[in-house]
Each structure stands twice: as C-alpha cells, then as structure tokens.
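Undergrad: Residue numbers (the working numbering): 11 to 80.
Just dropping this structure here.
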C-alpha cells in the first residue's frame, strides 16, 4: 500500500484473508503456535509457543495496521 503496489480494495481483501486465516490456526492457551503446515493450517511438530516470534508477529500486525491507516 505505502509503495503503491496495492490499491485500497486489494489491501482490504488481503487483510481480511490474513485475519480469516489467523482465526483458523490452532493455539495453545490463546497463543499461536510456532509452525503450521500451509495447505491445511495444521500445527507441525514440535508444537510450541515462542514469545520472541509472538512479539515479532504482534509488531508486524501493528506495522500493517499503521501502513493501512488503522
């Protein structure tokens, strides 16, 4: 969006797809697991939660919201 590669409608559709996919992911006590198979979104072994990766994902979502004007 910021670089002009996506229009507002495509950004909105991709954002909607992102959150729809996140809702389908398995979790542990509300936390996303570290690895998922991408076709069916099934958790991969070993199943664990990484606080570092969770923080990175949270910051990426904040950056996305900021760039999308949210």
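Cβ coordinates follow ideal geometry from the N, Cα and C atoms, glycine included.
1) Which value, in whole angstroms, describes the spacing of the CA atoms of residue 62 and residue 47?
2) In whole angstroms, give me the CA-to-CA distance for residue 53 and residue 73.
3) Where does residue 74 sit, in a helix, a strand or coil, going by DSSP?
4) Do the CB positions of residue 49 and residue 31 come within less than 8 Å of each other?
5) Would you grab the beta carbon distance between residue 57 and residue 43 for me? Rounded to a whole angstrom, and I think it's under 8 Å.
6) Of the residues 27, 59, 24, which one's Cα is nearest the Cα of residue 39?
TA: Quick answer:
1) To locate residue 62, count along the chain shown from 1; it is residue 52. To locate residue 47, count along the chain shown from 1; it is residue 37. Going from the Cα of residue 62 to the Cα of residue 47 covers about 20 Å.
2) Your numbering for residue 53 matches position 43 in the chain shown. Your numbering for residue 73 matches position 63 in the chain shown. About 26 Å.
3) Residue numbering aside, residue 74 sits at position 64 when the chain shown is read from its first letter. Residue 74: helix per DSSP, three-state reduction.
4) Locating residue 49 in the chain shown gives position 39, counting from the first residue. Locating residue 31 in the chain shown gives position 21, counting from the first residue. No, they are not a contact pair.
5) The residue labelled residue 57 in the question sits at position 47 within the chain shown. The residue labelled residue 43 in the question sits at position 33 within the chain shown. 5 Å between Cβ atoms; contact.
6) The count along the chain shown starts at 1 and reaches residue 39 at position 29. Closest by alpha carbon: 59.
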